Amino acid sequence: MAAASVRDVAQRAGVSVGTVSNVLNRPDKVTAETVARVMGAIDDLGFIRNDAARQLRAGHSKTIGLVVLDVRNPFFTDVARGAEDEAASAGLTVILGNSDENSDREAAYLDLFEEQRVHGVLISPYGDITARLERLRQRGIQAVLVDRSSGDAAFSSVSVDDLAGGRLAVEHLIAQGRSRIAFIGGPIQIRQVEDRLAGARTAVAAHPGTELETIEIEALSVLAGRAAGIEIAQRAPDDRPDAVFAANDLVAMGVLQALMMRDSDIRVPRDISLIGYDDIDFASAAVVPLSSIRQPSALIGHTAVEILLEQTADPTASPRQVVFEPELVVRESSRGLA
Amino acid sequence: MVARVGIREVATLAEVSLGTVSHYINHPARVSPEKQERIQRAIDQLGFVRNNAAWQLRLGRSATIAYIAPDVSNPFFATIAEGVEQRAAAEGYSVFIANSGRSREREDAYLEQFEAQRVQGLLVASHDPVEERLLQARQRGTPSVLVGQRAISPLQPSVSVDDVTGGYLAAKHLIECGRTRIAFVGGPLAIRQVADRYEGASRAIAEHPGVTFEVINTPDRTIAEGHVVAAALAARPEAARPDGVFAVNDLLALGMLQTLVVDHGIRVPDDMALIGYDDIEFGASSIIPLSSIRAPHEEFGIAAVSLLLAELSGEAGDEPKHVVFPPTLVVRASTVSR
C-alpha cells in the first residue's frame, strides 16, 4: 500500500496542505475543530510523518545514539538505562548500537548516527575515534565519551577512575595476605582494561614481595574468563596464582565457573581469592558471592545525557570531565582466611 | 559550524557532473575507474558524508533493522541480540537496539520513531499485545517479526519458544523430585509468556492428584522482586512453605535463591527445590547452580532475522512464518542434591 502523504491528508480533511503542516508542527495556531478534522483524516489514512523529511528541515532528530562495547555486559545496559531515563525527561529517546569491541562496527554506527542527524552521541570508544568525533562536532552533533576519560580534553566525558579501581582491587587482595596475583583481562587496547591493569601494577609495585602476572584474553566475556580459569586450574598447584583480579565481573564469573568445576580441588577463596569489576547484579548471587569494584553505572548514563544536553544547547561551552570514584565491595570470594 | 559539503562541491572538485557523482554513490560500477578515483579523492578531501535523510527520501529505506526489547538488561535478551547482530551483519545490515523498559508508552515511541526513520524492518519483543500495531506498520510498508511469543495472525511472522511445554517440563520435574507443595512465582498473568508457562505448569499438576499448586503473583520479574518473594516465603511457618518453586524466569529465581540461602539459611533443594526459566549464563555459576528451562537463544535471534529477510525479499511465500523452538530441561543442584 502506498504511504499516505500530507497532500492526501489535506484533501481528505478538506483543508490546505499548510493547515495540515500547522496541525503537525504548531497545533496552537489552529482551531480545535480543524485539529480534530485533520487528526481524523490522519487516522483514516494511516498517515505517518516522515522523519527523514522533517529532519532535513529541522536539522536534528529527537534521538540520542549510544554506542556500547558489549550489550551483553549488564554494566552497559545499566548505563543505558540511566541514559534513557534522563533522555526521556527531556522528551528524547536513546537508541543503542553494540560495537562488540570491533572498530569497523563502531565506525558503522557513528556513520549511521551521523546520517540520521541524531541529537547527540554517547560512546564508550573501542578504537581511536577522536578525528571521527571531531567531524561529527563540525556537523553540529555533539558527543560525550562514556566510561572513558577524554585523553585530550577536547570532548566531554563521564568516567570512573579505573586506575584507582585497579589499585583498590589489588591492594585489597594483598591486604588479605595474597602475593601471587594474576590479572585476567583484554584486549589491553581497551582503555578501561589498560587503566585497571596499570592500577594493579601500582599496587604491586608498592608492596615488595608481591608479583603480578598478566593473562590477556581476547574478550571481556564469561566464556573467555572460563577458558583462562581452566588454564589456571590445569597448572601445577605451585604455579597457580593465589589471587585473581578479573577486569570485569563477566570474566570473574567465568573464572569462578572454571575453578569450581566438579573435578577441581581448588576452593575459592581458600586457594585462590577472586575479585571482579563493575558489581553487576549477578555478582552477589554467584556460587561464591563475588567481591567487586562498584561503579555508579546508571548515574554515569544520567550524567552523560545531562552533559550532552548542555553541550547541545551551548556548543561553545568548554568540555567537562566528570570522574566518579569507584568503591570496593568485599564478599565471600576474597575474604581472608585469618 | 562549517558549511555542509554537498555533492555539488564534490562534483566541482572532481571536475565531473553532478549526475556522475550521484551514479558513483548509488551505482559505482557505472562510473569509469578513473572517475571513481577522482570522485573518491574529492569526497575524502572535503569530508563529504552522504546525507542519509535526503538519500532516504529518495530511496525510502536504509540498511538498518531495529530490535525493540522490553528489558535489555536481562541476559536472555542480550543473547538474542547477539544472534540478531551476527545474522544481520552477515547480510550487511546494522542493528539499532531500543529498550522499551517494559513501558507501553516507550514502546510506542520507538515503534513510531523507527518507522519514521524508515528502518528496513522491526524485531519486536513485547510484554504487551503488540500485533495490531505491527500490522499497521506493515500496511504502511515496514515489516516485522514478533520475538518471544507466537503471533496469532497467520500474516505476522514470529519466533518463540513453546512456553506451555516449558512450564509443563518445569513443574513435572519438581513433582518427579518428590515435591508436593508447588508454587508458581511470576506475573502479571496478562503477559502471554507468563500465562503460557503457568498453563503448562497447571497441566503437570493436574496429572498428579495430591500435589498442591499455589500462585504467587508478582508485578515484575527481576532479581529485586525475587528477593521480596523469598523474604515473604521465609517469614511463613515452615509447614506453610512450598517445597518446590517454579520461578517464571531466572532473574526471579536467582533473587529468590540468594535471599533463601544467604539471609534465611533455607536449604536448597532439601527444604525447597527451585527451578527458573531461560537458562541465562549466570545460572550455572549461581550460589547453588540453578536448574532451568533452556531455549536455544542464539538460534532464536538468527531465526528472527532470517524471517525478516524473507519478508523483505518478498520471497516469504512457502516458508513457515512461525518458528517455534522446543524448550529443554536443564537439571542442576537447585533441584537435585548431589
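Note that the protein sequences, when read in sequence, are chains F and E. Residues in the first sequence are numbered from 30 upward in steps of one, following the numbering used here. Residues in the second sequence are numbered from 241 upward in steps of one, following the numbering used here. Glycine included, each C-beta is placed from N, C-alpha and C at the ideal position. Note that this is a predicted model, so its numbers are computed, not measured.
Run through chain F and tell me which residues come within less than 7 angstroms of residue i, C-beta to C-beta.
| i | result |
| --- | --- |
| E/F424 | Within chain F, no residue comes near E/F424; the closest Cβ sits about 21 angstroms away, beyond 7 angstroms. |
| E/S313 | P103, T106, D107, R110 |
| E/T304 | L141 |
| E/Y350 | T122 |
List, in order along the chain, the chain F residues whose C-beta lies closer than 8 angstroms to that of residue i?
| i | result |
| --- | --- |
| E/N339 | T106, A109, R110, E113, V123, L125 |
| E/V571 | Ordered by position in chain F, no residue passes the 8 angstroms Cβ test against E/V571, which lies about 14 angstroms from the chain. |
| E/Q285 | What E/Q285 touches in chain F: nothing, since even the nearest Cβ is about 13 angstroms away. |
| E/E325 | N127, D129 |
Measure the Cβ-Cβ separation of residue i and residue j and say whether it is below 8 angstroms.
| i | j | result |
| --- | --- | --- |
| F/I304 | F/L202 | yes |
| F/S185 | F/P348 | yes |
| E/E371 | E/I392 | yes |
| E/V359 | E/A544 | no |
| E/Q425 | E/A487 | The amino acid occupying residue 425 of chain E in the given sequence is Val; Gln does not appear at that position. Against a cut-off of 8 angstroms, the Cβ pair of E/A487 and E/V425 comes out as a contact. |
| F/E113 | E/N339 | yes |
| E/L548 | E/I308 | no |
| E/A423 | E/E454 | yes |
| F/S321 | F/R207 | no |
| F/Q340 | F/Q171 | yes |
| F/V352 | F/E115 | no |
Strictly below 8 angstroms CB to CB, what residues from chain E border residue i?
| i | result |
| --- | --- |
| F/V147 | Under the 8 angstroms cutoff, chain E gives no residues; its nearest Cβ is about 10 angstroms from F/V147. |
| F/Y138 | S334 |
| F/A315 | F522, S525, S526, I527 |
Applying a beta-carbon distance threshold of less than 7 angstroms, which residues of chain E neighbour residue i?
| i | result |
| --- | --- |
| F/T92 | Q353 |
| F/M282 | F522, S525 |
| F/Q286 | A524, S525 |
| F/V251 | E521 |
| F/V273 | Those within 7 angstroms of F/V273 in chain E number zero; the least Cβ separation is about 15 angstroms. |
Can you list the residues of chain F that residue i reaches, using a CB-CB cut of under 9 angstroms?
| i | result |
| --- | --- |
| E/I533 | Correct list: empty, because the minimum Cβ distance to chain F is about 19 angstroms. |
| E/L497 | A314 |
| E/S574 | Result: empty, since nearest Cβ-Cβ is about 11 angstroms, beyond 9 angstroms. |
| E/L494 | D310, F311, A314 |
| E/E322 | V100, R101, N127, D129 |
Relative to the alpha-carbon of residue i, which residue among the options has its alpha-carbon at the smallest distance?
| i | options | result |
| --- | --- | --- |
| E/F317 | E/L375, E/N489, E/V571 | E/N489 |
| E/G484 | E/S574, E/T458, E/V404 | E/S574 |
| F/T243 | F/A275, F/V251, F/H236 | F/A275 |
| E/V256 | E/K275, E/P459, E/E325 | E/K275 |
| E/R507 | E/L549, E/N314, E/S577, E/R476 | E/S577 |
| F/D308 | F/N102, F/S45, F/V175 | F/N102 |
| E/A328 | E/I463, E/V563, E/L362, E/D460 | E/L362 |
| F/G94 | F/L162, F/S45, F/E223 | F/L162 |
| E/P509 | E/G418, E/Y438, E/S553 | E/G418 |
| E/V570 | E/I533, E/L375, E/G523 | E/I533 |
| E/D503 | E/A479, E/A524, E/P428, E/A470 | E/A470 |
| E/V404 | E/S442, E/A377, E/T420, E/P383 | E/S442 |
| F/K91 | F/D73, F/T239, F/S250, F/A117 | F/A117 |
| E/L581 | E/E277, E/L530, E/R344 | No answer is possible for residue 581 of chain E: it lies beyond the span of chain E, which begins at 241 and ends at 578. |
| E/S400 | E/R373, E/D436, E/L375 | E/D436 |
| F/A182 | F/Q167, F/G194, F/T159 | F/T159 |
| F/L337 | F/T63, F/L151, F/V64, F/D72 | F/L151 |
| E/E478 | E/R421, E/Q379, E/R346 | E/R421 |
| E/A303 | E/L375, E/R481, E/G332 | E/G332 |
| E/R572 | E/I320, E/D519, E/P397 | E/D519 |
| E/E249 | E/S546, E/D284, E/Q379 | E/D284 |
| E/A356 | E/R378, E/R344, E/A365, E/H367 | E/R378 |
| F/V316 | F/S326, F/M282, F/T231 | F/M282 |
On the premise that residue j lies in contact with residue i, defined as a C-beta separation below 8 angstroms, what is that separation, rounded to the nearest angstrom?
| i | j | result |
| --- | --- | --- |
| F/N127 | F/D157 | Going by Cβ atoms, the distance from F/N127 to F/D157 rounds to 19 angstroms, so no, they are not a contact pair. |
| E/L497 | E/I527 | 6 angstroms |
| F/V297 | F/G254 | Actually they are not in contact, since the Cβ atoms of F/V297 and F/G254 sit about 13 angstroms apart, beyond 8 angstroms. |
| F/L192 | F/G228 | 4 angstroms |
| F/R66 | F/V44 | 7 angstroms |
| E/P310 | E/R342 | 5 angstroms |
| F/V175 | F/I329 | 6 angstroms |
| F/D107 | E/S313 | 7 angstroms |
| F/V123 | F/A211 | That pair is no contact at about 37 angstroms. |
Starting from residue i, find everything on chain A with Cβ-Cβ shorter than 7 angstroms and list it in chain order.
| i | result |
| --- | --- |
| F/D310 | No chain A is part of this structure, whose protein chains are labelled F and E. |
List, in order along the chain, the chain E residues whose C-beta lies closer than 9 angstroms to that of residue i?
| i | result |
| --- | --- |
| F/V67 | Here the premise fails: no neighbours, minimum Cβ distance about 18 angstroms. |
| F/P318 | Q498, V502, I527 |
For the ligand SAH, is there any heavy atom lying closer than 7 angstroms to the beta carbon of residue i?
| i | result |
| --- | --- |
| F/I329 | The ligand SAH is not among the ligands present in this structure, which contains no ligands whatsoever. |
*Taking the runs of the alpha helix (DSSP H) that are 4 residues or longer, which of them lie wholly in the stretch 352 to 425 of chain E?*
371 to 379, 403 to 416
_My parser needs the alpha helix (DSSP H) runs of 4 or more residues fully inside the stretch 116 to 164 of chain F; what are they?_
132 to 144
*Where in the stretch 310 to 340 of chain E do unbroken runs of the alpha helix (DSSP H), each at least 4 residues long, occur, reported from the N-terminal end onward?*
315 to 330
_For a minimum of 4 consecutive residues, which ranges assigned as the alpha helix (DSSP H) are wholly contained in the stretch 496 to 561 of chain E?_
537 to 553
*Write down every uninterrupted run of the beta strand (DSSP E) in the stretch 232 to 261 of chain F whose length is 3 residues or greater and which is fully enclosed by it, in chain order.*
240 to 245
*Tell me the start and end of each unbroken beta strand (DSSP E) in the stretch 422 to 459 of chain E that is at least 3 residues and wholly inside, in chain order.*
452 to 457
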